[in-house]
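Here's the structure, in structure tokens; my notes come after.
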Amino acid sequence: MNSFVTKLQFWKQDDASSGDEIFDKDATSLSHVGTAIHDCLRKHHNRHHHKMWNVTRGSIVENVQQTPKHLSKDDPEDSHSDWFPELMGELIAKTEYWCDVTSLGPPDGKFMECFKKGLATLAAKSVDKEKPVIVRMMFGNIAGMPVNCTAVIKALTADLPPDANIHLWVGAWRRGFSWNHSKLIAVDGVHLHTGGHNLWDKHYLACNPVHDLSIQLEGDVARDGHRYANQQWEFVERKQKTCVGCVVDMMPDGLPLVLKTRVTVSEWPEGVANVFPPMFTKEAVGETVTSRERSQANDVPLISIGRQGAMVYKARPSDDAILAMINSSNKIIRMTLQDIGPVCVPGSKKSLPGLKWPKAYLTAIGKAIYERGVDVEIVLSNPNSIPGGLKGTEANYGNGWDCVDVAAEIIKRIQKSYGTVDDEKLRAMIAENLRICFIRHDKESKYQDGKSIGLHSKHFIVDDTCCYIGSQNLYMCDLAEWGIVIDDETEVQKIKANYFDPLWENSFTGQDVDVQLVMDGLKIDRDGKSKMFGAGQNEQAAAMMPHGHGEYYDMEDAAVEVEEGDEPVVGDNDDKDADGAVTAAASSKDNTDASVSEANVTSEGDVAAGSVAPEESNDQLSGVNKTKSEESAGEEKKEGEDGNDHPEVVQNESHEQSKLAKLQLDCNWCGMGEALNMNKALNMKEGDE
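So the sequence shown is numbered by our numbering: it starts at 2 and just counts up by one.
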């Protein structure tokens, strides 16, 4: 076998752990839940310590931040949550050296106003600084809706003096159907804001707002947010420095492309700031006013957990950390989630083709109930909730399942794990241990205009001693996520009292789950039937999930090509061991069908770290090296087909494919020609020439 391919497949086998167990020096006073998380991560994800996970400390600033704050039957008043973007702007304005922002999409409306105000304050106070203040903002290039980084940076800096002592970068990335979904603001390695909130005015500040939860902290934990952002910036820089990336960088942000990986970045001041930002180190930020004055007396144990989606091959540390939390439960699990099931075909009990329920999480919850008698309380979004007078294509909270569906999927995993289980025992567990409801205001599930109430929080509490607040949903979606585990009983009890208890009291009626309906639903197959799915289903799923809209986005009409891929590992219990870590068998299966995008291989033939497609779709995404038949298929697309009434879009798409085909030929001069066909080599079997 080609030695390069051999080395690549060896690297793919486990990018998460070197096989050595590490011990985080701060993991000395953790609860049984925190200890379970640390044990899992130190064994299975030691390569990503201080990058995607870390045991650290910090203090919570006041209470958790929930919007809207009220739960009464009356609709929220005007300006009900304007305090929230104002707080974000004030946090940015505190920056003395370095500010990182990550979110799904750029700020709009009041959020944009507050960001601009924060930057203006920052510019005014930084005039005499020796070095410019570093501000990095990273967003997700949702398939079909890439961020126009140039437009965003123009809006953010519209009111800044041209000689402002600030260097600002705005970036966005996508790898196949994976992009950034984390939400954090990290300032000077001291201040941290993270949670589930996006930066969209009409979703949170207008009528019928969606409920969400975030938290603000101070201390060393903020450094973890900066380091997590580093990985995404390194990825963007690495991709743009390839031959293909250099050409793409010269194209307008909104130009349709068929590339598997799409990264964009803009800098300000243009021609003054470097094209790419520097990487954060703790040495890059000096002593700040906050670091000098803050007391560590209120610091508590914290664990930062994240994942970078398809940016890396297999490692998903936060997935395993969440499994470890559930598996460590002894008494009760409390959850507030947007949903657990994947996007549902409207009017049916079926997921979109190729989409599946998260079997690993459901199995862990089922085992907690069956083996340890753990109580489970879950609050979910009302299906298909649309805030702010938006359209269903712009905002859609709740994937379409009812509480009976969720309960049935949990009970099915009990049956799968333990074989034949007495019906009466199952009924007793549903009635006594499993409590699921939709979010309500004073027992009402709708606003006064009849629109249903949405929920976007990603929060769960285990045994009332440890909890998670972050960006990660439990339904299967291979995005980049980040969040914080608070491992202190006193602080968790405060969070529970301030957030979960009032929400549960207003929402739970005992009527959302009928025992008989759950039993009747155990034979329903809610997974999407076929795993032979194309870009259409992925794009439809992306379109049905909440996303931004407006002037800071471009419409990307060229579809990302998808081929038949491997079974998803994330959420698939059959490929997990008892600790929730991916087994060697699963790795071996994945190793046989991997492919590398041409944009991911350098002219020297080396594979950049994290450049191999993920387990969910190892060879599903084609790059610019499309075959002639694939290009013809795109050209033969007829007007009106698949709802496309714009034939000019198809012509533009074919034109871009022709340009990229020419680019492949032009790349031969710099040694990229061989690299552009490397995906063929990766499918070679031993003994092939």
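Note that the Cβ used here is the ideal one computed from N, Cα and C, for glycine as well.
| request: Report buried or exposed for residue 373, applying the criterion of at least 16 other Cβ atoms within 10 angstroms of its Cβ. | output: exposed
| Euclidean distance between Cα positions of residue 38 and residue 449 | 43 Å
| Near residue 85, what residues of its chain come up, given a Cβ to Cβ distance below 6 Å and the 5 sequence neighbours on each side ignored? | 68
| query | In the DSSP assignment, what are the bridge partners of residue 331? | reply | None, per the DSSP bridge assignment.
| task | Using 7 Å as the cut-off, classify the Cβ of residue 145 as near or not near the heavy atoms of the ligand FMN, replying yes or no. | result | The model depicted lacks the ligand FMN and carries no ligand whatsoever.
| request: Mind checking which residues open and close the alpha helix (DSSP H) that includes residue 435? | output: Residue range 435 to 439 is occupied by the beta strand (DSSP E) that includes residue 435, with no alpha helix (DSSP H) assigned at that position.
| request: Return the CA-CA distance between residue 199 and residue 83, expressed in angstroms with no decimal places. | output: 14 Å
| request: Can you grab the Cα-Cα spacing for the pair residue 661 / residue 241, in whole Å? | output: Note on residue 661: pLDDT 38, under 50, position unreliable in the model; the coordinate value appears next. Cα-Cα distance, rounded: 15 Å.
| By the 10 Å Cβ neighbour count, where 16 or more other Cβ atoms means buried, how is residue 297 classified, buried or exposed? | Label assigned to residue 297: exposed.
| Any idea if residue 70 is buried or exposed, counting beta-carbon neighbours within 10 angstroms, 16 or more meaning buried? | exposed
| task | Taking only the alpha-carbon atoms, compute the straight-line gap between residue 358 and residue 65 and give it to the nearest angstrom. | result | A straight-line Cα-Cα distance of about 30 Å links residue 358 and residue 65.
| In chain order, each beta strand (DSSP E) run of at least 3 residues that lies wholly inside the region 296 to 374 | Within the region 296 to 374, the beta strand (DSSP E) runs of at least 3 residues that lie entirely inside it are, in chain order, 301 to 309 and 333 to 338.
| field | N- and C-terminal bounds of the alpha helix (DSSP H) containing residue 153 | value | Residue 153 -> alpha helix (DSSP H) spans 150 to 157.
| field | Closest residue to residue 386 among 401, 375, 376 and 380 (Cα-Cα distance) | value | 401
| said: So, under 8 Å CB-CB, residue 211 and residue 475 are touching, yes? Tell me the CB distance rounded to an integer number of Å. | reply: Contact flag wrong, Cβ pair sits at about 17 Å.
| task | Have a look at residue 303 and residue 35 and give me their C-alpha separation to the nearest angstrom. | result | C-alpha separation (whole angstroms): 9 Å.
| task | Following the continuous alpha helix (DSSP H) through residue 292, name the residue where it begins and the one where it ends. | result | Here the alpha helix (DSSP H) through residue 292 covers 290 to 294.
| query | Could you give the C-beta distance for residue 307 and residue 53, rounded to a whole number, given that I count them as a contact under 8 Å? | reply | 5 Å
| Residues in its own chain within less than 7 Å of residue 418 by CB, not counting five upstream and five downstream? | Correct list, in chain order: 364, 367 and 368.
| query | Taking just the CA atoms, how far does residue 495 sit from residue 62? | reply | Computed Cα separation, rounded: 12 Å.
| residue 144 by DSSP, collapsed to three states: which one? | coil
| Within the region 450 to 515, ranges of the beta strand (DSSP E) (whole runs, at least 3 residues) | 459 to 463, 467 to 471 and 481 to 487
| message | According to DSSP, residue 377 sits in a beta bridge with which residue or residues? | response | 334 and 435, per the DSSP bridge assignment.
| said: Could you tell me the alpha carbon to alpha carbon distance between residue 142 and residue 105, rounded to whole angstroms? | reply: 8 Å
| query | Quick one, which of 512, 514 and 499 has its alpha-carbon nearest residue 216's? | reply | Selected option, being the one with the closest Cα: 499.
| query | Per DSSP, which one or two residues make a beta bridge with residue 138? | reply | 102 and 171
| query | What's the gap between the Cα of residue 480 and the Cα of residue 47? | reply | 21 Å
| message | Can you confirm whether the region 87 to 103 touches the region 277 to 288 when touching is taken to mean that 3 or more C-beta pairs between the two stretches lie within less than 8 Å? | response | yes
| Counting pairs of beta carbons, one from the region 227 to 236 and one from the region 132 to 139, are three or more of them closer than 8 Å? | yes
| message | Using 8 Å as the threshold, is the C-beta distance between residue 472 and residue 197 below it? | response | yes
| message | Judging by CA-CA distance, which residue of 113, 75, 80 and 79 is the nearest neighbour of residue 93? | response | Out of 113, 75, 80 and 79, the CA that lies nearest to the CA of residue 93 is found in 113.
| task | Pick helix, strand or coil for residue 71, following the three-state DSSP scheme. | result | coil
| said: Given this structure, state the Cα-to-Cα distance separating residue 508 from residue 295, to the nearest angstrom. | reply: 38 Å
| task | Within 10 angstroms of the Cβ of residue 582, are there 16 or more other Cβ atoms? Answer buried if so, exposed if not. | result | Only weak support exists for where residue 582 lies, its pLDDT of 49 falling under 50; the value from the coordinates is given anyway. So residue 582 ends up on the buried side.
| task | Write down the C-beta distance between residue 692 and residue 326 rounded to the nearest angstrom, noting that I regard them as a contact closer than 8 Å. | result | In the structure displayed, the chain extends from 2 to 690; residue 692 sits before or after that span and is not available.
| field | Proximity of residue 187 and residue 223 at Cβ, strictly below 8 Å | value | yes
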